[in-house]
Amino acid sequence: LGAALCPGSSPPSPSPLCFPPTVTSEQIEHLHRRFKQLSRDQLTIRKENFDSIPDLEFNPIRGKIVHAFFDKRNLRQESDGLADEINFEDFLTIMSYFRPIEMNMDEEQLDRFRKEKLKFLFHMYDSDHDGKITLQEYRNVVEELLSGNPHLEKESARSIADGAMMEAASICVGQMGPDQVYEGITFEDFLKMWQGIDIETKMHVRFLNMETIAHCY
Amino acid sequence: GQRSSGSPINSSHPQSFAIVSFEWDHVKDPYIITLWILVASLAKIVFHLSHKVTRVVPESALLIVLGLFLGGIVWAADHIASFALTPTVFFFYLLPPIVLDAGYFMPNRLFFGNLGSILLYAVIGTVWNAATTGLSLYGVYRTGIMGHLNSGLLDFLLFGSLIAAVDPVAVLAVFEEVHVNEVLFIIVFGESLLNDAVTVVLYNVFESFVTIGPENVTGVECVKGIVSFFVVSLGGTLVGIFFAFLLSLVSRFTKHVRIIEPGFVFIISYLSYLTAEMLSLSAILAITFCGICCQKYVKANISEQSSTTVRYTMKMMASGAETIIFMFLGISAVNPEIWTWNTAFILLTLVFISVYRVIGVVLQTWILNHYRMVQLEIIDQVVMSYGGLRGAVAFALVVLLDVNKVKEKNLFVSTTIIVVFFTVIFQGLTIKPLVQWLKVKKTEHREPKLNEKLHGRAFDHILSAIEDISGQIGHNYLRDKWSNFDRKFLSKVLMRRSAQKSRDQILNVFHELNLKDAISYVAEGERRGSLAFIRSPSTDNMVNVDFSTPRPSTVESSVSYLLREKAGPVCLDMQALEQRRKSIRDTEDTVAHHTLQQYLYKPRQEHKHLYSRHEIMHSEDDKQDKEIFHRTMRKRLESFKSTKLGINHSKKLNKIHKRDRGQKRRNSNVIPNGKIPSENPVQDFTLKEKDLEFSESEENNDYETLHLGKGVDFLANVTKQNFTDTPTGIDNPVFSADDDQSIYMKFSPWLSSEDTVVPSQRARVQIPYSPNNFRRLTPFRLSNKSIDSFLLADGPEDRPRSFLPEATHM
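First to last, the sequence lines map onto chains A and B. Numbering-wise, UniProt numbering puts 9 at position 9 of the first sequence, and it's gapless, one number per residue. Numbering-wise, UniProt numbering puts 603 at position 603 of the second sequence, and it's gapless, one number per residue.
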């Protein structure tokens, strides 16, 4: 029983790439318990429910993260806007963005897997849903990120964002002509920036495994 | 009248005063030591003369061979093995620098991320190796193949325990040249560091067992042994952490004794080693953890210069110690008295350590892979098994054995030497081809990217948030809690206030990137033989300052020198360069460059002696730092925005014109500035330096006016403007805020010495961020807004003036 439930470690068991591919029933059960705990036994979760998580309080980008749970772009394809409340299935969808890589993935699956994760990240930065991370959006993110350091001023954060944006421009566009304008990071550019960084091994949460490992004993 | 109050020899022969006396005995010991070190260092030079050899053969192997060779010579000369690697020298003087270096530069995140795996390999793996090797050898001995040996089971286990441990020195020496991927490296290397506690305990336990005799070994003794493992390892770690805390705390208050600042790092770390040794805890663990724990705070606290000093001294000592260790391993082997040959024993030892290493690694990896996110592949396991090098630690331990207790000491010593030589030379030689053949994932050295760091930071927060939301306690959760704790308490206690402010990873990367940009600008400037970079603002200056002198940079000094000299040819050349750059042509550039170098660099080198003085006299001025820091950033922003705004070419040309004009004006150096006469400069040069700044800001004003539409006919107004717009120049907020300018100016910048800028070389060095560098730039930074003509030639990057007006609607 144990081996079959340990996705990362078990000998590859062919799993269909349907929703949510690697989350096992054990994990779903666990997440469901957690969901109910958060929603206070309601069927849906609202933003306010996340306030009850004490550890989240110190997270500088907590707003962005919570927001991502209600971002319809993350929940379903071809949809946009903001949901007021999400049900358990949506909750699971978001969580599955953080599942770890699987041993038996081929190149194509890996690529899609990677893109999925990046898309999630991209949506988090692109707060006005226009498909571009503009300088202003980037600045907001960086400001929030650095807000944990009380000594750092807003202007520093802004300059850093500007520097990062410049870097992005130079990666994505290369040498720009004098009349050229870089409006913002598109998703394609975003992919370009992430080239060579194996996000699939970074953007995962151990918990999706840990629970089952506990059952492995 | 021979009342020489000199040396004792003189007083013992009062009848004649020896003008020169040969006192070999007096200096013998330090003299020989120094000579050996010199020989080892020279050997290193020789090895590296041939790139081909060092690429194939690891240095450690070469050194051992050299040692054998030198040992042979010494032996042939006087037939006594007078030089050998003694355990005292090794453990007290040679090992600590290497381990401290390893700890101080440990990639902490990687290390703690893989701590579980490392501990498993270090503890279980070493015990496994020791037990299996010892038992197997004993088993084979019982069959009688080895003939009769005067030792029992315990002796074999003792031998197994000292031969089991993977050696940090050997592993570092070989793996540094192989460049396997970082996870693999940290696992093998971490194992070799942390297994010390196990080795020490096993060694001590079995040695005491041998001493009391096998018949007295009871279960209680075994339990004691296990308890002592925990005491030794945890105790060593705690000692290390304690001294790390102490060191960080001390480094917080060294602001006024910058000169001895680096010394604390070494002294306190060494103290941790000695303390652990005194308490018979694991000294290697102590000094490793001292380095690991203190690095963050110490690096933040000490000044840029001290940090560089620490870095280089540590590397120098570590690599020197390593060189000596390997050479003396070779020399020690040339001593017929220790050689006892037993083919079966030696061969079987080699076989057993290799085989059991492989089995151990495979078994442990199999277990680990159930828990690891990033799996360890078969290839990794091969490299890990193959990288199990034994080294000087084993040798020193075996030499320590008491021949009265362990009767077969000589056999053990010989075997250890063979094992060490085999692993270091043979495996060291073959591991590179093996790694290439297996296509092991190698480290790719990447430039740090700001985006990457930002996303990385975002990741940490996202992942810990997801763990929070899903109600799990995982890695990210723990790291998040730790970093909160660190920020709230530890950093407050252990870091300087100024360091707390600026100490942020992202800021560091940002700073590093700025420097890199600057370096590449300078490199480009030098390549083109142009001096434009000299006048380029902000970032470019930082390069020089950061690396070089504590005092103002090459850039400043060159410019100021230029101004002071008012030498025609120089300025003319600069002008010529400006012209040439417009139509990019390099024919004469080399000549011009040469001329400029002559004029600019040479004089500075004559003033070397003045240079180290000032660094201590400086106190930090945070406000200024901040301002300057913002300016750097603004500069980046400006160029970014300019790309966005896309300003057309005619303005560029105008700017060039204006620059030329500014140039001429500087040549003649007659235009009086509104403020300068009232300034009462302390020194003559001060005036000129300021003159420069004023003129630069004037230019900017020119440009602004131009921007507003004066456009074409500005040339007509040129002269007038020059005289009229000085007050605006003074309006520059930074400039008027800089009241302590004159203090700063007391140290004439061009007197600072610095070698000619060699960006390519420096670019290799990582430059940590330190706030105090900024302030030294102050005077020159005022010219921030001036137009960098070098950039101009390059195209779109440069459009400084647009910043202020547009800033709001971004």
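In this text, a Cβ means the ideal position worked out from N, Cα and C, and glycines have one as well.
DSSP beta-bridge partners for A/L82?
-> Position 82 of the first sequence, counted from the first residue, corresponds to residue 82 of chain A. A/L82 is bridged to A/D71.
Any idea which residues DSSP pairs A/I45 with across the strands?
-> The count along the first sequence starts at 1 and reaches residue 45 of chain A at position 45. In DSSP, A/I45 forms a bridge with A/I86.
B/S282 - containing alpha helix (DSSP H), residue span = Within the second sequence, numbered from 1, the residue matching residue 282 of chain B stands at position 282. Element bounds for B/S282: n/a, residue is neither H nor E.
Assuming B/P87 and B/A173 make a contact with CB atoms under 8 Å, what is their CB distance in whole Å?
-> Within the second sequence, numbered from 1, the residue matching residue 87 of chain B stands at position 87. Within the second sequence, numbered from 1, the residue matching residue 173 of chain B stands at position 173. So it is not a contact: roughly 20 Å between Cβ atoms.
Can you check whether the CB of B/S269 is closer than 8 Å to the CB of B/F243?
-> By one-based count along the second sequence, residue 243 of chain B stands at place 243. By one-based count along the second sequence, residue 269 of chain B stands at place 269. Between B/F243 and B/S269, the C-beta spacing is below 8 Å.
Identify, in the order they occur along the chain, each residue of the same chain with its Cβ nearer than 7 Å to the Cβ of B/T126, setting aside the five sequence neighbours on each side.
-> The residue you call residue 126 of chain B lines up with position 126 of the second sequence. Residues A164, A165, N195, V198 and T199 of the same chain have their beta carbon placed closer than 7 Å to that of B/T126, with the five preceding and five following residues left out of the count.
Which residues, taken in chain order from the segment 41-60 of chain A, show a beta carbon closer than 8 Å to some beta carbon of chain B?
-> So the close ones are F50, I53, D55, L56, F58, N59 and P60.
Is the segment 224-244 of chain B close to the segment 419-439 of chain B, with three or more CB pairs under 8 Å?
-> Flag = no, the segment 224-244 of chain B and the segment 419-439 of chain B do not touch.
Are the C-beta of A/A83 and some C-beta of chain B separated by less than 8 Å?
-> Position 83 of the first sequence holds residue 83 of chain A. No - not a single Cβ of chain B is within 8 Å of the one on A/A83.
Residues in the segment 263-286 of chain B having any Cβ partner in chain A nearer than 9 Å = Flagged: no residues at all.
Cα-Cα separation, B/A170 to B/E176 = For the purposes of this step, residue 170 of chain B is taken as residue 170 along the second sequence, with counting starting at 1. For the purposes of this step, residue 176 of chain B is taken as residue 176 along the second sequence, with counting starting at 1. The alpha-carbon atoms of B/A170 and B/E176 are separated by roughly 10 Å.
Nearest-angstrom beta carbon gap, B/T288 and B/L193 [assumed within contact, 8 Å] | Along the second sequence, read from residue 1 onward, the residue named residue 193 of chain B stands at position 193. Along the second sequence, read from residue 1 onward, the residue named residue 288 of chain B stands at position 288. B/T288 and B/L193 do touch by the CB rule: their CB atoms are close to 5 Å apart, below 8 Å.
Beta-carbon separation of residue 816 of chain B and B/N301 under 8 Å?
-> Here chain B covers residues 1 to 810 and nothing more, so residue 816 of chain B does not appear.
Using CA coordinates, which residue listed in B/N451, B/K442 and B/I324 is at the minimum distance from A/W194?
-> The residue given as residue 194 of chain A occupies position 194 in the first sequence. The shortest C-alpha to C-alpha distance from A/W194 to any of B/N451, B/K442 and B/I324 is the one to B/N451.
Limits of the alpha helix (DSSP H) - the one that B/Y203 falls within | Taking the second sequence and counting its residues from 1, one reaches residue 203 of chain B at position 203. Taken as a continuous stretch (DSSP letters only), the alpha helix (DSSP H) holding B/Y203 covers E182 to I212.
First and last residue of the uninterrupted alpha helix (DSSP H) at A/Q136 = By 1-based counting over the first sequence, the position of residue 136 of chain A is 136. In the DSSP assignment, A/Q136 falls within the unbroken alpha helix (DSSP H) covering L135 to L146.
Which value, in whole angstroms, describes the spacing of the CA atoms of A/K115 and A/Y97?
-> Within the first sequence, numbered from 1, the residue matching residue 115 of chain A stands at position 115. Within the first sequence, numbered from 1, the residue matching residue 97 of chain A stands at position 97. If you draw a straight line from the Cα of A/K115 to the Cα of A/Y97, it comes to about 10 Å.
Can you list the residues of chain A that B/F510 reaches, using a CB-CB cut of under 7 Å?
-> Against the second sequence, residue 510 of chain B aligns to sequence position 510. Simply I160 and G163.
Rounded straight-line distance, which links the Cα of B/F326 to that of B/V188 = As a first step, residue 188 of chain B must be located in the second sequence, where it is residue number 188. As a first step, residue 326 of chain B must be located in the second sequence, where it is residue number 326. The alpha-carbon atoms of B/V188 and B/F326 are separated by roughly 20 Å.
Which stretch, first to last residue, makes up the alpha helix (DSSP H) that contains A/R34?
-> Stepping through the first sequence from its first residue, residue 34 of chain A is reached at position 34. Residue range S25 to S39 is occupied by the alpha helix (DSSP H) that includes A/R34.
Answer with buried or exposed for A/R99, where buried requires no fewer than 16 other C-beta atoms within 10 angstroms of its C-beta.
-> For this step, residue 99 of chain A is matched to residue 99 along the first sequence. By the 16-neighbour rule on beta-carbons within 10 angstroms, A/R99 is buried.
Kindly indicate which residue of A/A168, A/I160 and A/G131 has the alpha-carbon position closest to the one of A/K119.
-> Locating residue 119 of chain A in the first sequence gives position 119, counting from the first residue. Of the candidates A/A168, A/I160 and A/G131, A/G131 places its Cα closest to the Cα of A/K119.
Are at least three pairs of beta-carbons, each pair with one atom in the segment 389-404 of chain B and one in the segment 412-419 of chain B, less than 8 Å apart?
-> Verdict: yes, contact present.
Give the interface partners of A/I65 over in chain B, defined as CB-CB distance under 7 Å, in chain order.
-> Taking the first sequence and counting its residues from 1, the one referred to as residue 65 of chain A is at position 65. Those are I462 and A465, listed as they occur along chain B.
Own chain partners of B/W128 with C-beta closer than 6 Å, once the 5 adjacent residues on each side are dropped = Along the second sequence, read from residue 1 onward, the residue named residue 128 of chain B stands at position 128. Hits under 6 Å: G360.
Selection of the segment 426-457 of chain B by Cβ proximity to chain A, strictly under 9 Å = Answer set for the segment 426-457 of chain B: E444, R446, K449, L450, N451, E452, K453, L454, H455, G456 and R457.
Excluding the 5 residues preceding and the 5 following A/S147 in the sequence, name in chain order all residues of the same chain whose CB lies nearer than 6 Å to its CB.
-> Against the first sequence, residue 147 of chain A aligns to sequence position 147. Excluding positions up to five away in sequence, the list reads P60.
For B/S41, I'd like the list of residues in its chain whose CB is within less than 6 Å of its CB, leaving aside the five on either flank, ordered along the chain.
-> Translated into the one-based positions of the second sequence, residue 41 of chain B becomes position 41. Sequence-distant Cβ neighbours of B/S41 in its own chain, meaning closer than 6 Å and more than five residues away, do not exist here.
Just confirm the distance between the C-beta atoms of B/F156 and B/L137, as a whole number of angstroms; I'd bet it's less than 8 Å.
-> Stepping through the second sequence from its first residue, residue 156 of chain B is reached at position 156. Stepping through the second sequence from its first residue, residue 137 of chain B is reached at position 137. Their Cβ separation, rounded to whole angstroms, is 5 Å, which keeps B/F156 and B/L137 in contact under 8 Å.
Listed by chain order, chain B residues near A/F122 by CB distance under 8 Å | Taking the first sequence and counting its residues from 1, the one referred to as residue 122 of chain A is at position 122. Neighbours of A/F122 on chain B: none; closest Cβ ~11 Å, over 8 Å.
Kindly indicate if chain A contains any beta-carbon less than 8 Å away from that of B/I469.
-> Numbered from 1 along the second sequence, position 469 holds the residue referred to as residue 469 of chain B. Yes, because at least one Cβ of chain A sits closer than 8 Å to the Cβ of B/I469.
Give a yes or no on whether the minimum CB-CB distance between A/E167 and chain B is below 8 Å.
-> For the purposes of this step, residue 167 of chain A is taken as residue 167 along the first sequence, with counting starting at 1. Closer than 8 Å to some Cβ of chain B, the Cβ of A/E167 qualifies, so yes.
Output the distance between the C-alpha atoms of B/E215 and B/K405, rounded to the nearest integer angstrom.
-> For the purposes of this step, residue 215 of chain B is taken as residue 215 along the second sequence, with counting starting at 1. For the purposes of this step, residue 405 of chain B is taken as residue 405 along the second sequence, with counting starting at 1. Distance from the CA of B/E215 to the CA of B/K405, rounded to the nearest whole angstrom, comes to 15 Å.
Three-way DSSP call (helix, strand, coil) for B/I302 in this model = Indexing the second sequence from 1 puts residue 302 of chain B at position 302. Of the three classes helix, strand and coil, the one that applies to B/I302 here is coil, per DSSP.
Quick one: is B/N773 near chain A, going by C-beta distance under 8 Å?
-> Position 773 of the second sequence, counted from the start, is the residue given in the question as residue 773 of chain B. Because B/N773 sits at a pLDDT of 37, beneath the cut-off of 50, its placement in the model cannot be relied upon, and the following sentence gives the value as read from the coordinates. It does not: the Cβ of B/N773 has no partner Cβ on chain A nearer than 8 Å.
As assigned by DSSP and simplified to three states, the class of A/I185 | Counting from 1 along the first sequence, the entry for residue 185 of chain A is found at position 185. The three-state secondary structure of A/I185, taken from DSSP, is strand.
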